[in-house]
Structure formats: C-alpha cells, structure tokens
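Enquirer:
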Ligand SMILES: [Zn+2]
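Residue numbers (the numbering used here): 108 to 485.
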C-alpha cells in the first residue's frame with residue numbers, strides 16, 4: 108500500500124490517508140462519503156493513522172486519479188495471508204474460482220465516458236456500468252479476488268476473458284476449476300483456461316443446443332445414479348467424450364434432477380419440489396464423480412449469496428461514490444479489500460464464543476463508533 112499514488116499535481120492530503128479514510132468508511136458501513144465527512148467534527152481532524160480526514164469532495168476527486176494497481180497488490184497480500192493460514196480450503200478436491208457479471212448502477216440522466224448504453228423498449232436510453240467479479244469459493248471463507256469493468260463495445264465474456272488473463276498471471280496456482288454461468292460456454296474462453304491446465308464447469312443452456320440435444324439422447328438410455336442426502340434426492344446422469352461441439356471437444360455433460368421435500372409455511376404440509384440442472388465440464392469422470400460435479404456446479408450460487416447480495420446490502424458496493432470509471436473501479440477494489448480483511452478478522456481472529464455473541468453488523472457499528480470518537484490532533 109506504500110506505493111499508493113494518484114495523478115494530482117499538488118496534494119494537501121496524502122494518498123494513503125485518503126485511501127485509509129475510505130477503508131474506514133466501508134468497514135464502518137457508513138455508506139457514503141458525506142456520512143464519513145459528518146464523522147469529522149472540523150477540518151484537519153486526524154485519524155488514528157495520523158493522516159487527516161479529507162472532505163467527501165477531495166476523497167471523490169482523488170479516487171478519479173488513483174492508481175489502482177497497488178489496491179490489487181493489497182488484495183493479493185491479504186490473499187497470501189489467507190493461504191498461509193489455510194483458510195481457503197478446497198471443495199471435493201478442487202480449488203474453485205467462480206466468475207460472474209454484475210450491474211452496479213443504472214441511470215437515465217447521468218453518464219460518464221465509461222458508461223455502457225442500452226435502448227429500452229420505450230425508446231429511452233439507459234446508462235449503466237457492469238463488471239465481472241472473480242472469487243475463490245474457499246472453505247471456511249470465500250475470498251474476493253478481483254474485478255474487471257466492462258468497456259464500451261465489448262460483451263461480458265470479453266470482459267471476463269481479460270480478467271481471467273490477469274488472474275492466470277497473478278493467481279495461477281490459486282484455482283484449478285472455474286465455475287460459471289451458461290453465458291461463458293465460449294470456445295476461446297475455455298481454450299484459454301485449458302491452455303493453463305484449468306478445468307471449467309459451466310451451466311449448459313440453449314447456447315449449445317446441439318450438445319444439449321445429444322447429451323439428452325444418451326441420457327434417455329442411461330440409468331441414473333441416485334444420491335440421497337437428508338431431504339434432497341439427486342438423480343445423476345453423466346456422459347463424457349461428447350464431440351458434438353466441434354469448436355471445443357471432447358466434453359463431459361452431467362445432468363442432475365433434484366427432488367427436495369420441503370414443509371410449506373402456510374399449511375405445514377410436506378411438498379416436493381423438482382429442479383433440473385445440466386452442466387458441461389472438462390473434469391474427467393475418473394477424477395470427480397457426477398454427484399460431486401453437481402455439488403461443485405451449485406457453488407456458483409455462492410457468488411450471488413456471499414458476494415453480490417452481501418456487497419450491495421451490507422457494504423454499499425453499488426453506491427456511486429463518484430461517477431467516474433476509475434473511481435468506480437477503485438471503490439470496488441476497496442470494498443473487496445475491506446470485506447476480505449473483515450472476514451479474515453471475524454472468522455480467523457475473533458474467538459468462536461465472541462463470534463457467537465456478536466454479529467458482523469455489531470462489529471461494524473463498533474468500528475463506526477471508534478471512528479467518530481477519535482480526538483483532535485495533538
Ligand atoms: Zn458511467
């Protein structure tokens with residue numbers, strides 16, 4: 108973090124102090140730069156770090172000029188800490204990387220030079236930003252690795268490919284299996300990962316209709332393997348060496364029909380719910396069973412539940428602190444860094460008895476109180 112710098116010609120407030128202020132704002136879940144500013148009783152207020160707390164305006168402006176690579180380096184330093192503490196255990200023998208796209212904001216009025224555009228059915232043009240997030244589905248703690256902002260004129264897969272190219276350089280040994288949505292079933296992306304000996308596991312939808320049709324034809328003559336676990340029953344069909352998709356072959360296709368018995372809330376009656384899942388993967392049968400492939404495929408929900416939802420609800424990640432492409436990227440990297448550090452502290456440093464007694468929200472409120480109670484500078 109000592110390499111943190113920005114492109115201001117003249118700076119009253121050092122970059123590190125500004126970035127530390129934002130770290131506190133996110134950790135204390137203050138939600139906006141103005142809320143952070145209210146924690147500052149008078150200009151020149153000194154944080155425990157010894158740096159003055161700048162105004163919301165200054166912080167926003169500096170973030171439009173911030174060099175983001177040191178922030179990525181800081182995330183990587185935290186990752187190495189996790190790794191050393193063995194906090195990122197594998198699942199069914201695989202180190203799983205999940206990637207998915209996320210829309211951070213949308214507006215009809217405000218746009219910047221990095222905004223994506225779409226025309227709605229009523230003819231209005233909407234401006235928005237979208238990014239691809241990569242996370243390690245570690246056990247017991249997931250880790251948010253990196254983000255990449257989608258640029259004008261490219262689709263989500265092109266953006267994800269750029270992100271993966273960077274991850275293959277910086278986190279080559281962090282994962283061996285990439286789990287993603289059906290959108291990512293594209294030959295160049297899968298070839299890139301295979302070139303680096305990474306496996307893929309993607310939802311198979313209509314994007315590859317021929318492959319889906321052929322797999323279904325084979326499944327019709329196959330007796331499924333039945334796996335039961337509490338209220339869940341999985342019937343698994345599994346075929347490998349399918350060569351239908353000529354751009355990338357051979358592949359394996361796994362189908363899971365899942366029947367779950369649930370208790371209906373309104374009349375307390377038992378009800379069975381059935382869902383069907385089909386995945387395409389490069390992981391061979393000899394290495395991982397069909398039942399485990401189904402469980403690994405469901406890991407994709409982790410990015411919804413333990414990343415996007417949590418980031419937006421509790422960590423204000425979708426808040427537009429400053430509408431500028433560089434600032435959006437920098438604030439998101441700060442949220443990744445803060446959430447990773449917070450999870451490390453909460454799960455690895457707090458004693459289980461304290462953790463049971465105090466929620467993460469309570470701990471964030473303590474950070475907020477601490478931030479507000481700091482005395483003036485000597
Ligand atoms: Zn914009």
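Beta carbons: idealized from backbone N, C-alpha and C, even for Gly.
Only a predicted model underlies this, so the values are computations on that prediction, with no experimental measurement involved.
#1: To the nearest angstrom, report how far apart residue 135 and residue 176 are at their CA atoms.
#2: Output the distance between the C-alpha atoms of residue 372 and residue 405, rounded to the nearest integer angstrom.
#3: Look at the alpha carbon of residue 163 and the alpha carbon of residue 133, and state the distance between them as a whole number of angstroms.
#4: Comparing alpha-carbon positions, which option in 354, 392, 382, 339 lies nearest residue 368?
#5: How should residue 330 be labelled, buried or exposed, when 16 other C-beta atoms within 10 angstroms of its C-beta is the threshold for buried?
#6: Around the Cβ of residue 192, are there at least 16 other Cβ atoms within 10 angstroms (buried) or fewer (exposed)?
#7: Drop a sphere of 10 angstroms on the beta-carbon of residue 141, count the other beta-carbons inside from all chains shown, and report buried for 16 or more, exposed for fewer.
#8: Pair every Cβ in the region 441-449 with every Cβ in the region 243-252, then say whether three or more of these pairs are closer than 8 Å.
#9: In the DSSP assignment, find the unbroken beta strand (DSSP E) run with residue 250 in it and report its ends.
#10: Taking only the alpha-carbon atoms, compute the straight-line gap between residue 348 and residue 184 and give it to the nearest angstrom.
#11: Pairing CB atoms from the region 264-283 with CB atoms from the region 232-243, are three or more of them under 8 Å?
#12: Tell me the DSSP secondary structure of residue 308 in three-state form.
#13: Consider the C-beta atom of residue 218 and the heavy atoms of ligand 1; say whether any pair is separated by less than 7 Å.
#14: What distance in whole Å lies between the Cβ atoms of residue 451 and residue 282, which are believed to be in contact at a cut-off of 8 Å?
#15: Name the one or two DSSP bridge partners that residue 145 has.
#16: Using only the heavy atoms of ligand 2, determine whether one of them is closer than 7 Å to the beta carbon of residue 426.
#17: How many Å lie between residue 317 and residue 423 at the Cα?
#18: Looking only at its own chain, which residues have a Cβ that is under 6 Å from the Cβ of residue 112, when we skip the five neighbours before and after it?
#19: If I measure Cβ to Cβ from residue 458 and keep anything under 7 Å in the same chain, skipping five residues before and after, which residues do I get?
#20: Could you name the residues that DSSP lists as bridge partners for residue 345?
#21: Report yes or no: do three or more beta-carbon pairs, one from the region 286-297 and one from the region 305-323, lie closer than 8 Å?
#22: Hey, how far is the Cα of residue 467 from the Cα of residue 256?
#23: Please classify residue 379 as buried or exposed, where buried requires at least 16 neighbouring CB atoms within 10 angstroms.
#24: How is the beta strand (DSSP E) around residue 384 delimited, first residue to last?
#25: In whole angstroms, what separates the C-alpha of residue 334 from that of residue 199?
#26: Buried or exposed for residue 167, please, with buried defined as at least 16 other CB atoms from any protein chain shown within 10 angstroms of its CB.
#27: Does the separation of the CB atoms of residue 306 and residue 390 fall below 8 Å?
#28: Alpha carbons only, please: which of 358, 362, 408, 429 is nearest the one belonging to residue 218?
Expert: Quick answer:
#1: Approximately 24 Å, taken between the alpha carbons.
#2: Just so you know, the alpha carbons of residue 372 and residue 405 end up roughly 25 Å apart.
#3: Those two C-alpha atoms are separated by around 14 Å.
#4: Nearest option by C-alpha distance: 339.
#5: It counts as exposed.
#6: Looking at its Cβ environment, which holds fewer than 16 other Cβ atoms inside 10 Å, residue 192 is exposed.
#7: Residue 141 counts as exposed, since fewer than 16 other beta carbons sit within 10 angstroms of its beta carbon.
#8: They touch, by the three-pair rule.
#9: Start and end: 250-256.
#10: Spanning the two alpha carbons is a distance of roughly 40 Å.
#11: The region 264-283 vs the region 232-243: in contact.
#12: Residue 308: strand per DSSP, three-state reduction.
#13: Relative to ligand 1, the nearest heavy atom lies less than 7 Å away from the CB of residue 218.
#14: Between residue 282 and residue 451 the beta-carbon gap is near 19 Å, outside 8 Å, which marks them as no contact.
#15: Per DSSP, residue 145 has no beta bridge partner at all.
#16: Ligands present in the displayed structure are limited to ligand 1, and ligand 2 is not among them.
#17: A straight-line Cα-Cα distance of about 42 Å links residue 317 and residue 423.
#18: Excluding residues within five positions, the ones whose Cβ falls inside 6 Å are 122, 174.
#19: So no residue of the chain qualifies.
#20: DSSP lists 361 as partners of residue 345.
#21: Flag = yes, the region 286-297 and the region 305-323 touch.
#22: Straight-line Cα distance between these residues: approximately 29 Å.
#23: Exposed.
#24: In the DSSP assignment, residue 384 falls within the unbroken beta strand (DSSP E) covering 377-388.
#25: For residue 334 and residue 199, the distance between alpha carbons rounds to 16 Å.
#26: By the 10 Å Cβ count, residue 167 comes out buried.
#27: Taking 8 Å as the Cβ cut-off, residue 306 and residue 390 qualify as a contacting pair.
#28: Minimum Cα-Cα distance from residue 218 among the listed residues 358, 362, 408, 429 corresponds to 429.
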